[in-house]
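Student:
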């Protein structure tokens with residue numbers, strides 16, 4: 035596998051561009067020109083941005099469970115083989131008639147209830163997904179299901195890094211005053227992309243949704259998003275991908291051929307992805323911690339993309355974090371792509387593990403290739 039290099043975006047929150055504001059080389063204070071909710075343009079000094087808080091989390095998964103034993107019926111595998119190599123025991127799968135947007139809306143309702151905000155309070159819905167119910171996106175379906183009439187809604191596609199990137203995007207809208215309450219959703223139905231005959235991939239994935247509420251902090255309070263580091267490298271695309279035949283597949287032949295446009299199955303070079311993950315996760319977390327002026331000693335919980343237990347263990351070991359400070363729910367849900375971080379966070383918060391003020395190290399990695407880390411203070 036090639037070496038995955040950097041196209042990075044760090045320093046977005048407190049980084050180099052903000053340091054310029056107090057520099058003698060930057061005498062003119064930069065401003066961001068925004069559109070207010072009343073339609074009148076306004077200016078916000080970039081060094082006067084408001085803080086943001088993560089104040090609610092929720093999740094929803096399908097009721098249908100596919101166990102490792104169930105999988106023995108249609109692919110050459112067994113419970114011990116899967117559990118030993120991945121840590122996964124079960125995964126939840128959408129049933130006929132269920133939609134991903136429906137579960138995403140339910141996750142949002144739970145997050146809003148925890149945050150004590152109503153649908154009318156929501157200004158924006160950002161949905162990280164690679165498997166929308168509609169090819170043009172599912173965020174608007176979620177907005178409609180919630181009755182969030184004051185919210186703009188859009189999808190963000192960055193595979194298993196999607197939730198972290200959506201969280202950072204939401205924070206920027208809140209910090210500039212464009213939005214006060216943002217729903218950040220991670221939702222994927224990976225069962226739609228799986229080749230159920232491919233033992234190397236079908237055992238890994240499940241369906242699920244998670245959501246958090248990002249809201250403006252009270253005056254004088256700092257931002258809960260403490261540090262960020264984000265990267266992409268399209269040169270690694272072939273290591274993990276699912277092609278869409280209408281775009282990257284067959285050329286035009288005749289009108290009838292257009293009826294066959296669809297997503298292909300997930301293709302993954304497992305060993306290459308493993309090496310990429312255990313290298314990239316510690317790197318982005320270290321960089322985000324440096325930006326936050328913190329160390330791993332300050333981290334209460336590692337909440338990273340739930341891809342494989344071996345990856346979680348290896349990344350934690352490289353970071354010097356003990357297993358008891360790593361959130362893992364792989365055994366029950368498998369790899370739910372963009373949903374995995376908020377789904378794991380929701381369970382940890384509701385179980386009383388993650389408490390108000392805890393410092394969380396989040397990291398996503400996956401197709402693109404993309405990888406991103408964020409240091410977050412909960413609550």
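In the numbering used here, the protein residues as written are 35 to 413. Cβ atoms here follow ideal geometry from the backbone N, Cα and C, with glycine treated the same way. Please read these numbers as outputs of a predicted model, since none were measured by experiment.
Taking just the CA atoms, how far does residue 358 sit from residue 223?
Tutor: 29 angstroms
Student: Go through the region 156-242 residue by residue and report every complete run of the beta strand (DSSP E) that reaches 3 residues or more, in order.
Tutor: 158-162, 186-190 and 215-223
Student: Does the count of Cβ pairs from the region 121-129 and the region 155-172 closer than 8 angstroms reach three?
Tutor: no
Student: From 269, 333, 248 and 312, pick the residue whose C-alpha is nearest to that of residue 413; which is it?
Tutor: 248
Student: Return the bridge partner residues of residue 396 from the DSSP annotation.
Tutor: Bridge partners of residue 396: 337 and 408.
Student: Please go through the region 96-135 and give each complete beta strand (DSSP E) segment of 3 or more residues, from N-terminal end onward.
Tutor: 99-101 and 124-126
Student: Where residue 408 and residue 108 are concerned, what is the direct C-alpha to C-alpha distance, given to the nearest angstrom?
Tutor: 39 angstroms
Student: Any idea if residue 356 is buried or exposed, counting beta-carbon neighbours within 10 angstroms, 16 or more meaning buried?
Tutor: Classification of residue 356: exposed, given that the 10 Å Cβ count is below 16.
Student: What did DSSP end up calling residue 401 once you bin it into helix, strand or coil?
Tutor: coil
Student: Measuring CA to CA, which of 204, 190, 334 and 152 is closest to residue 180?
Tutor: 152
Student: What residue from 406, 134 and 353 has the CA that sits closest to residue 375's CA?
Tutor: 406
Student: Just list the residues that DSSP pairs residue 250 with in beta bridges.
Tutor: In DSSP, residue 250 forms a bridge with 86.
Student: What is the DSSP secondary structure of residue 385, reduced to helix, strand or coil?
Tutor: Three-state DSSP puts residue 385 in coil, outside helix and strand.
Student: Tell me whether residue 170 is buried or exposed, calling it buried when 16 or more other Cβ atoms sit within 10 Å of its Cβ.
Tutor: exposed
Student: DSSP state of residue 413, grouped into three classes?
Tutor: coil
Student: Going by Cα to Cα distance, which pick from 138, 203 and 272 is closest to residue 402?
Tutor: 272
Student: Going by CA-CA distance only, name the one from 212, 264 and 103 that's closest to residue 186.
Tutor: 212
Student: Smallest Cα separation from residue 333: which of 354, 236, 348 and 132?
Tutor: 354
Student: Taking the straight line between their C-alpha atoms, what separation do you get for residue 119 and residue 343?
Tutor: 8 angstroms
Student: Measure the Cβ-Cβ separation of residue 235 and residue 228 and say whether it is below 8 angstroms.
Tutor: yes
Student: Using alpha carbons as the reference points, say which of 400, 96, 105 and 390 lies closest to residue 306.
Tutor: 400
Student: Any idea what DSSP makes of residue 267, helix, strand or coil?
Tutor: coil
Student: What residues in its chain sit with their C-beta under 7 angstroms from that of residue 99, if we drop five residues either side in the sequence?
Tutor: 124 and 126
Student: Using a Cβ-Cβ cut-off of 6 angstroms (strictly less than) and excluding sequence neighbours within five positions of residue 202, which residues of its own chain qualify?
Tutor: 262
Student: Looking only at its own chain, which residues have a Cβ that is under 7 angstroms from the Cβ of residue 132, when we skip the five neighbours before and after it?
Tutor: 96
Student: Kindly indicate which three-state DSSP category residue 346 falls into: helix, strand or coil?
Tutor: helix
Student: Report the three-state DSSP secondary structure of residue 151 (helix, strand or coil).
Tutor: coil
Student: Given a cut-off of 8 angstroms, decide if residue 173 and residue 189 are closer than it, judged by their beta-carbon atoms.
Tutor: yes
Student: Regarding residue 117 and the ligand FMN, is the C-beta to nearest heavy atom distance less than 7 angstroms?
Tutor: Within the structure as shown, the ligand FMN is missing, as the structure has no ligands at all.
Student: So for residue 315, helix, strand or coil by DSSP?
Tutor: helix
Student: Mind checking residue 404: buried by the 16 CB within 10 Å criterion, or exposed?
Tutor: buried
Student: Once DSSP output is grouped into helix, strand and coil, what is the label at residue 374?
Tutor: helix
Student: Less than 6 angstroms between C-beta atoms, sequence neighbours within five positions excluded: which residues of the same chain meet that for residue 200?
Tutor: 160, 162, 190 and 218
Student: In terms of residues, what are the limits of the alpha helix (DSSP H) holding residue 364?
Tutor: 364-367
Student: Apply the 10 Å Cβ neighbour rule to residue 254 and answer buried if 16 or more other Cβ atoms are within range, or exposed otherwise.
Tutor: exposed
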